[in-house]
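Residue numbers (the numbering used here): 103 to 252. Glycine is no exception: its CB is placed at the ideal position from the N, C-alpha and C atoms. Before any comments, here is the structure.
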């Protein structure tokens with residue numbers, strides 16, 4: 103009897119810390135609901151003040167996240183196996199920063215509606231993102247007046 107084959111994108115998602123609590127079935131649902139997009143160096147993934155469209159997961163490459171209006175405000179870099187864009191989704195706000203590819207970058211984008219359905223059906227994941235939201239809001243000094251996500 104042959105062992106079950108695992109989809110290559112499911113294998114990639116197994117290494118994403120934010121999705122660690124999900125089983126293969128849930129990860130396969132993410133693969134089915136998402137789209138993979140390629141960005142060349144310098145290409146904008148989203149701009150500050152743009153509407154939030156989904157959760158971004160870096161499959162390969164590197165993304166620079168920064169505030170174009172604050173050149174000394176610092177930036178963060180997001181590499182393979184990491185996700186970003188959840189703060190805008192969870193707070194139902196426009197993006198507060200710009201994201202652009204540093205090098206050739208492949209992203210998996212989970213649309214907002216699918217992300218919300220995933221949180222609704224996966225309480226452990228919803229709690230994980232609630233903690234992430236609380237940490238980020240505290241660090242940024244913002245108030246969390248957005249909706250509950252569980």
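What residues in its chain sit with their C-beta under 7 Å from that of residue i, if we drop five residues either side in the sequence?
i	result
residue 217	156, 157, 191
residue 181	160, 164
residue 129	112, 115, 116, 121
residue 143	203, 204, 205, 206
residue 199	150, 167, 168, 169
residue 104	Here the model assigns residue 104 a pLDDT of 45, short of 50, so the residue's position is not dependable and the matter cannot be decided.
residue 189	235, 238
residue 226	123
residue 134	none
residue 152	196, 197
Strictly by DSSP, which residues pair up with residue i?
i	result
residue 140	208
residue 133	In the DSSP output, where bridge partners are listed per residue, residue 133 has none listed.
residue 178	167
residue 187	None; residue 187 has no bridge partner.
residue 95	Nothing about residue 95 can be read from this structure; the chain reaches only from 103 to 252.
residue 110	Bridge partners of residue 110: none, in fact.
residue 146	202
For residue i, count neighbouring C-beta atoms within 10 Å of its own C-beta (all shown protein chains included) and say buried if the count is 16 or more, exposed if not.
i	result
residue 137	exposed
residue 140	exposed
residue 196	exposed
residue 187	buried
residue 110	exposed
Grab me the residues of residue i's own chain with a C-beta within less than 6 Å of its C-beta, minus the 5 sequence neighbours each way, in chain order.
i	result
residue 175	169
residue 146	202
residue 210	136, 138, 159, 161
residue 178	167
residue 148	197, 201
residue 184	160
Quick one: does the C-beta of residue i sit closer than 6 Å to a heavy atom of the ligand SAH?
i	result
residue 207	The model on display carries no ligand, and the ligand SAH is accordingly not part of it.
For residue i, which residues in the same chain have their Cβ closer than 8 Å to its Cβ, ignoring the five residues on either side in sequence?
i	result
residue 224	123, 124, 128
Unbroken alpha helix (DSSP H) runs of length 4 or more, entirely within the region 192-236: which are they?
-> Counting only runs of 4 or more, we get 214-223.
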